[in-house]
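**Student:** Residue numbers (our numbering), protein chains in the order written: chain A, 29 to 143; chain B, 4 to 114.
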């Protein structure tokens, strides 16, 4: 079946502009996660959605970052007034609790470059 | 919150030899420990995982061991091959909550 998809695959934006990144999780997956990966670095947790529960926003680095999720489907990560330090690959992942599974399936990522 | 440390940051081994990567975690409530492999420019992919009710798990040439008392877990790759070259990340979570990742190990297999 289809995996996690993300769009756009690449985004170049000018400092100060807003950007929206999209994630389509695997159908039926109740959990959705956003991570940030700077060049040559590890994966940094940003935000986590689980069903209809309030999202865990503890990883968002500043109030310029926000995310929404429509039900158990698409999610958008919005970065306002982008800064050069926001340049990174933004990865989305989804997982299902069915059968006690914990595996997170990652999308291909959106490479964001802020000039 | 959870903190995961990973060592070494880089590792080079001769083809055919074994590679071992070690991680420690801080939150005793964590009960799920996956390992992800990330090839250059690609997305992370799960290669093996272990839950806290098991001490060891093996899948062909890869194995993971978990010591809950010491709060550390390790990835073992035997008979390494060139295609094993990648960055490996350990992680920890409570169930399928958010993963806390280690900083990664760049593994290079020398032909």
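Don't be surprised by glycine CBs; every beta carbon is placed ideally from N, CA and C. A quick note: this is a predicted structure, and the numbers were derived from the prediction, not measured.
Counting contacts by CB-CB distance shorter than 8 Å, is residue 131 of chain A in contact with chain B?
**Tutor:** As a first step, residue 131 of chain A is located in the first chain; it is residue number 103 there, counting from the start. Interface residue, yes.
**Student:** Does the beta carbon of residue 84 of chain A come closer than 8 Å to any beta carbon on chain B?
**Tutor:** Residue mapping note: residue 84 of chain A aligns to position 56 of the first chain, counting from 1. Yes - at least one Cβ of chain B is within 8 Å of the one on residue 84 of chain A.
**Student:** Report the neighbours of residue 56 of chain A on chain B: residues whose CB is nearer than 9 Å to its CB, in chain order.
**Tutor:** Taking the first residue of the first chain as 1, we reach residue 56 of chain A at position 28. The contacting residues do not exist; residue 56 of chain A stays about 14 Å from chain B at best.
**Student:** Taking 8 Å as the CB-CB limit, is residue 61 of chain A close to chain B?
**Tutor:** Numbered from 1 along the first chain, position 33 holds the residue referred to as residue 61 of chain A. Chain B, which has a Cβ nearer than 8 Å to the Cβ of residue 61 of chain A, makes this yes.
**Student:** For residue 87 of chain B, name the three-state secondary structure that DSSP assigns.
**Tutor:** Within the second chain, residue 87 of chain B is the residue found at index 84, counting from 1. Three-state result, residue 87 of chain B: helix.
**Student:** In the DSSP assignment, find the unbroken beta strand (DSSP E) run with residue 59 of chain B in it and report its ends.
**Tutor:** Numbered from 1 along the second chain, position 56 holds the residue referred to as residue 59 of chain B. Per DSSP, residue 59 of chain B belongs to the beta strand (DSSP E) from 59-62.
**Student:** Just the chain A side, please: which residues come within less than 9 Å of residue 106 of chain B by C-beta, in chain order?
**Tutor:** Here residue 106 of chain B corresponds to residue number 103 of the second chain, with the count starting at 1. Those are 69 and 70, listed as they occur along chain A.
**Student:** Does residue 84 of chain A come out as helix, strand or coil in the three-state DSSP assignment?
**Tutor:** Position 56 of the first chain, counted from the first residue, corresponds to residue 84 of chain A. The answer is strand: DSSP assigns residue 84 of chain A an E or B state.
**Student:** So, with DSSP's three-state summary, where would you put residue 145 of chain A?
**Tutor:** Because chain A in this structure spans residues 29 to 143, residue 145 of chain A falls outside the shown range and cannot be described.
**Student:** Thinking just about the alpha-carbon of each residue, which of A:108, A:78, A:110 and A:115 is nearest to the one in residue 97 of chain A?
**Tutor:** On the first chain, residue 97 of chain A is found 69 positions in, with the first residue counted as 1. Taking only the C-alpha atoms, the option nearest residue 97 of chain A is A:78.
**Student:** Is it true that the CB of residue 40 of chain B sits closer than 8 Å to the CB of residue 48 of chain B?
**Tutor:** Here residue 48 of chain B is taken as the residue at index 45 of the second chain, counted from 1. Here residue 40 of chain B is taken as the residue at index 37 of the second chain, counted from 1. The answer is yes: Cβ separation under 8 Å.
**Student:** Ignore the nearest five residues each way along the sequence and tell me which others in residue 75 of chain B's own chain have a CB closer than 7 Å to its CB.
**Tutor:** Taking the second chain and counting its residues from 1, the one referred to as residue 75 of chain B is at position 72. Answer for residue 75 of chain B: 25, 26 and 27, listed in chain order.
**Student:** Shorter than 8 Å from the beta carbon of residue 137 of chain A to some beta carbon of chain B?
**Tutor:** As a first step, residue 137 of chain A is located in the first chain; it is residue number 109 there, counting from the start. Yes, contact with chain B.
**Student:** Return the chain-ordered list of same chain residues with a C-beta closer than 7 Å to the C-beta of residue 42 of chain B, the five sequence neighbours on each side being excluded.
**Tutor:** The residue given as residue 42 of chain B occupies position 39 in the second chain. Hits under 7 Å: 89.
**Student:** Residue 75 of chain A bridges to which residues according to DSSP?
**Tutor:** Translated into positions along the first chain, residue 75 of chain A becomes position 47. For residue 75 of chain A, which the question treats as bridged, DSSP gives the partners A:62.
**Student:** Where do the N-terminal and C-terminal ends of the beta strand (DSSP E) with residue 70 of chain B fall, by residue?
**Tutor:** Counting from one through the second chain, the residue named residue 70 of chain B turns up at place 67. Element bounds for residue 70 of chain B: 65-70.
**Student:** How many angstroms separate the CA atom of residue 143 of chain A from the CA atom of residue 87 of chain A?
**Tutor:** Mapped onto the first chain, residue 143 of chain A falls at position 115. Mapped onto the first chain, residue 87 of chain A falls at position 59. Approximately 24 Å between the Cα atoms of the pair.
**Student:** Would you call the stretch 67-84 of chain B and the stretch 106-116 of chain A touching, i.e. three or more CB-CB distances under 8 Å?
**Tutor:** Verdict: no, contact absent.
**Student:** Using a Cβ cut-off of 8 Å (strictly closer), state whether residue 118 of chain A contacts chain B.
**Tutor:** Locating residue 118 of chain A in the first chain gives position 90, counting from the first residue. By this cut-off, residue 118 of chain A is not an interface position.
**Student:** Going along chain B, which residues have a C-beta under 7 Å from residue 77 of chain A?
**Tutor:** Numbered from its first residue, the first chain carries residue 77 of chain A at position 49. None at all; the shortest Cβ gap to chain B is about 10 Å.
**Student:** Starting from the C-beta of residue 98 of chain B, find all residues in its chain whose C-beta is less than 8 Å away, skip the five residues before and the five after it, and write them out in chain order.
**Tutor:** The residue you call residue 98 of chain B lines up with position 95 of the second chain. Excluding positions up to five away in sequence, the list reads 34 and 35.
**Student:** Are the C-beta of residue 73 of chain A and some C-beta of chain B separated by less than 8 Å?
**Tutor:** Residue mapping note: residue 73 of chain A aligns to position 45 of the first chain, counting from 1. Yes, contact with chain B.
**Student:** I'd like to know whether the C-beta of residue 103 of chain B is nearer than 8 Å to at least one C-beta of chain A.
**Tutor:** Translated into the one-based positions of the second chain, residue 103 of chain B becomes position 100. Taking Cβ atoms only, chain A reaches closer than 8 Å to residue 103 of chain B, which makes this a yes.
**Student:** Looking at chain A, is there any beta carbon in it that lies within less than 8 Å of the beta carbon of residue 76 of chain B?
**Tutor:** The residue you call residue 76 of chain B lines up with position 73 of the second chain. Not closer than 8 Å to any Cβ of chain A, the Cβ of residue 76 of chain B fails to qualify, so no.
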